[in-house]
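Engineer: In full-length UniProt numbering, the protein residues as written are 1 to 370.
By construction, the Cβ of each residue, glycine as well, lies at the ideal position given by its N, Cα and C atoms.
Fair warning: this is a prediction, and the values are worked out from it, not measured in the lab.
Pasting a structure below so you can have a look.
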């Protein structure tokens, strides 16, 4: 309905603080508690917002929007719908976007987790009919379906780093498929407590005529790796985004964030920017506003850029090292909610109690960019 510009009014019945922290663009906030009286003020606000349009109600899980919808129907509104699962289910909506490639056997699919801006990838060879999944999120079925529809069998899974903003699906997907799971070789420094096969700098995964080379790019984290796909595209994880670069204090802490920024500068300038200008940069995230809008591009459109264009247009990577470090250290954005708990889960230190906790931990957009 949103993407087709359908005319309707979206009413968010969550408390104001939840609405202000994260919402769907264009939603009107009418907090509703089914234990309290449905007063005339709410009706006036709804009438002013809707202007006769159909109404769609949403809340966190559907627990308040559903009785809200019933109340409206009892008061004569005959075109009311409720979003099943609320913002929790909205956080699990995906788009699959194919990437154009020069190698006709190469398949690259970008999976966009719309509400959070997480970007994962299926990289495969039609000649080998096999694929590698990079940075899968917790909804692993999305990656299985994308690979299957492309005629590919997933043979390996890798994470570019230990994520802090969302629960990785990497180890889960590899276990479900009984295939190798990879992290960069320096992941041992992060206290990872589960088995993985380390990828060294320069190590290459070969799928028939498609090569995926590992490039060590510390900065956002010490163990960060990027994947150079057949010399055409670089999956940059949280090293370089289309609109920014990765923040550094989530692993290094506020006191040592400058050390991480120095590493990040070196990774960008000595590794990433050494690649040809035509290299396509495919990041691990796109920044999402509190109103659920992409900072660059749009859901369903490829989030990526030509390296030469980023070299010219992205101010951060044009700074000298001292300016770059100062900018990264002095302008820390708000930290991702629950990031310390998410890191515990992603290192295997303390698994989530249940699906409900995992869902709660991930609510809201990612916040990995500097």
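Would the beta-carbon of residue 248 fall within 9 Å of that of residue 328?
Structural biologist: Here residue 248 refers to the residue found at position 248 of the chain shown. Here residue 328 refers to the residue found at position 328 of the chain shown. Yes, the Cβ-Cβ distance between residue 248 and residue 328 is below 9 Å.
Engineer: If you run the structure through DSSP and keep just helix, strand and coil, what is residue 152?
Structural biologist: Locating residue 152 in the chain shown gives position 152, where the first residue counts as 1. Three-state DSSP puts residue 152 in coil, outside helix and strand.
Engineer: In the DSSP output, what is residue 237 paired with across the bridge?
Structural biologist: Working through the chain shown from its first residue, we reach residue 237 at position 237. 283.
Engineer: Report yes or no: is there a C-beta of chain D within less than 9 Å of the C-beta of residue 183?
Structural biologist: Within the model displayed, chain D is absent; a lone protein chain is all it includes.
Engineer: Taking residue 240 as the reference, which of 250, 218, 251 has the closest Cα?
Structural biologist: As a working mapping, residue 240 is identified with position 240 in the chain shown. Looking at the Cα atoms, 218 is the closest of the given residues.
Engineer: Given that a residue counts as buried once 16 or more other Cβ atoms are within 10 Å of its Cβ, and exposed if not, what is residue 4?
Structural biologist: In the chain shown, counting from the first residue as 1, residue 4 sits at position 4. Classification of residue 4: exposed, given that the 10 Å Cβ count is below 16.
Engineer: For residue 140, which residues of its own chain have a beta-carbon under 7 Å away from its beta-carbon, when the five flanking residues on both sides are left out?
Structural biologist: As a position in the chain shown, residue 140 is number 140, starting the count at 1. Cβ neighbours of residue 140 beyond the five flanking positions: 169, 172, 173, 176.
Engineer: Quick one: complete alpha helix (DSSP H) runs, 4+ long, within the region 51-86?
Structural biologist: Taking only runs of at least 4 residues, the alpha helix (DSSP H) segments lying wholly in the region 51-86 are 65-74.
Engineer: Going by C-alpha to C-alpha distance, which of 14, 271, 290, 91 sits closest to residue 281?
Structural biologist: Within the chain shown, numbered from 1, the residue matching residue 281 stands at position 281. When only C-alpha atoms are compared, the closest one is 271.
Engineer: Kindly provide the ranges of any alpha helix (DSSP H) runs that are 4 or more residues long and lie completely inside the region 245-298, ordered along the chain.
Structural biologist: Listed in chain order, they are 249-252, 257-270.
Engineer: Going by C-alpha distance, which of 366, 345, 292 is nearest residue 284?
Structural biologist: Position 284 of the chain shown, counted from the first residue, corresponds to residue 284. When only C-alpha atoms are compared, the closest one is 366.
Engineer: What is the C-beta distance between residue 307 and residue 275, in whole angstroms, given that I count them as a contact (C-beta under 8 Å)?
Structural biologist: What you label residue 307 is simply residue 307 of the chain shown in a count that begins at 1. What you label residue 275 is simply residue 275 of the chain shown in a count that begins at 1. That pair is a contact at about 6 Å.
Engineer: Quick check on the DSSP output: the beta strand (DSSP E) that includes residue 173 runs from which residue to which?
Structural biologist: For the purposes of this step, residue 173 is identified with residue 173 of the chain shown, where counting begins at 1. Note, residue 173: premise wrong, no beta strand (DSSP E); alpha helix (DSSP H) at 170-177.
Engineer: Exposed or buried, what is residue 75 when buried is set at 16 or more other beta-carbons lying within 10 Å of its beta-carbon?
Structural biologist: As a first step, residue 75 is located in the chain shown; it is residue number 75 there, counting from the start. Exposed, since its Cβ has fewer than 16 Cβ neighbours within 10 Å.
Engineer: How many angstroms separate the CA atom of residue 70 from the CA atom of residue 47?
Structural biologist: Residue mapping note: residue 70 aligns to position 70 of the chain shown, counting from 1. Residue mapping note: residue 47 aligns to position 47 of the chain shown, counting from 1. Using only the alpha carbons, I get a separation of about 16 Å.
Engineer: Could you tell me which of 273, 67, 72 sits nearest to residue 54, measuring between CA atoms?
Structural biologist: Indexing the chain shown from 1 puts residue 54 at position 54. For residue 54, the nearest C-alpha among the options comes from 72.
Engineer: Compute the Euclidean distance between the alpha carbons of residue 96 and residue 260, then round it to the nearest angstrom.
Structural biologist: As a working mapping, residue 96 is identified with position 96 in the chain shown. As a working mapping, residue 260 is identified with position 260 in the chain shown. About 33 Å.
Engineer: Specify, as a first and last residue, the run of the alpha helix (DSSP H) that residue 359 falls within.
Structural biologist: For the purposes of this step, residue 359 is identified with residue 359 of the chain shown, where counting begins at 1. Taken as a continuous stretch (DSSP letters only), the alpha helix (DSSP H) holding residue 359 covers 355-362.
Engineer: Assess contact between the region 94-113 and the region 191-205, defined as three or more Cβ pairs (one per stretch) separated by less than 8 Å. Is contact present?
Structural biologist: No: fewer than three Cβ pairs fall under 8 Å.
Engineer: In this structure, does DSSP put residue 47 in helix, strand or coil?
Structural biologist: Counted from its first residue, the chain shown places residue 47 at position 47. It is helical.
Engineer: Output the distance between the C-alpha atoms of residue 64 and residue 51, rounded to the nearest integer angstrom.
Structural biologist: Residue 64 sits at position 64 when you count from the first residue of the chain shown. Residue 51 sits at position 51 when you count from the first residue of the chain shown. Going from the Cα of residue 64 to the Cα of residue 51 covers about 23 Å.
Engineer: Looking at the strands, I want to know which residues DSSP matches up with residue 212.
Structural biologist: The residue you call residue 212 lines up with position 212 of the chain shown. According to DSSP, which records beta bridges pairwise, residue 212 is partnered with 205, 229.
Engineer: When the Cα atoms are used, what is the spatial distance from residue 62 to residue 45?
Structural biologist: Indexing the chain shown from 1 puts residue 62 at position 62. Indexing the chain shown from 1 puts residue 45 at position 45. Cα to Cα, residue 62 sits roughly 20 Å from residue 45.
Engineer: Look up residue 190 in the DSSP assignment and say whether it is helix, strand or coil.
Structural biologist: Taking the chain shown and counting its residues from 1, one reaches residue 190 at position 190. Three-state DSSP puts residue 190 in a helix.
Engineer: Whose C-alpha, out of 57, 144, 78, 231, is nearest the C-alpha of residue 85?
Structural biologist: Translated into the one-based positions of the chain shown, residue 85 becomes position 85. Among 57, 144, 78, 231, the Cα nearest to that of residue 85 is on 57.
Engineer: By DSSP's criteria, residue 368 is part of a beta bridge. Which residues make up the other side?
Structural biologist: Residue mapping note: residue 368 aligns to position 368 of the chain shown, counting from 1. DSSP output for residue 368 lists no bridge partner at all.
Engineer: Tell me residue 9's beta-bridge partners as DSSP assigns them.
Structural biologist: Working through the chain shown from its first residue, we reach residue 9 at position 9. Partner(s): 55.
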